[in-house]
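Residue numbers (our numbering): 5 to 170. For reference, the structure is listed below as structure tokens.
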């Protein structure tokens with residue numbers, strides 16, 4: 005029948021998920037997106053470890069939030085994140101982050117509502133750059149396997165009951 009690698013296989017290298025990452029949203033800055041705005045944002049990792057990020061808003065040609073935090077062995081990181089605005093349907097404006105990550109030699113610059121810092125990463129970036137998935141996406145395969153097993157057992161029961169009738 006099939007050769008090497010054919011048939012069902014199970015993926016063992018689990019992708020990082022949004023749920024296990026630190027999430028940075030514009031609402032975290034609560035009224036501080038103004039010239040010379042500043043403050044701190046704190047999180048708690050699932051293991052109980054606390055992380056703090058200081059920020060300063062710079063109002064140059066394009067408004068930029070400069071994040072300052074430590075990664076790992078107290079390595080100091082400073083990363084500028086430009087902001088973008090789009091018009092809303094009812095006359096207001098919506099703010100967006102611009103993803104600051106660079107893949108290869110190309111800056112992402114994707115307009116996003118949230119930035120993520122997965123475990124082990126050094127910089128905040130969009131979900132696509134960090135290749136993040138949702139926990140629910142990892143669970144769908146489990147439900148497929150349960151459905152296949154249920155179908156298999158139903159066929160076995162059907163065969164055994166028809167064999168008992170004969």
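No residue lacks a Cβ here, since even glycine has one placed at the ideal position from N, Cα and C. Small disclaimer: the values here were computed from a predicted structure and weren't measured.
query, result
"Nearest residue (CA-CA) to residue 43, options 122, 138, 148, 71", "71"
"Whole runs of the alpha helix (DSSP H) within the stretch 87-166, excluding any shorter than 4 residues", "none"
"Extent of the continuous beta strand (DSSP E) run through residue 57", "54-63"
"Candidates 68, 24, 113: closest to residue 36 by CA position", "68"
"Closest Cα partner of residue 100 within the set 66, 157, 87, 51", "87"
"Beta-carbon proximity list for residue 55, same chain, < 6 Å, skipping 5 on both sides", "47"
"For residue 66, the residue or residues it bridges with in DSSP", "DSSP output for residue 66 lists no bridge partner at all."
"Where residue 34 falls: helix, strand or coil (DSSP)", "coil"
"Residue 123 and residue 29 closer than 8 Å at C-beta", "no"
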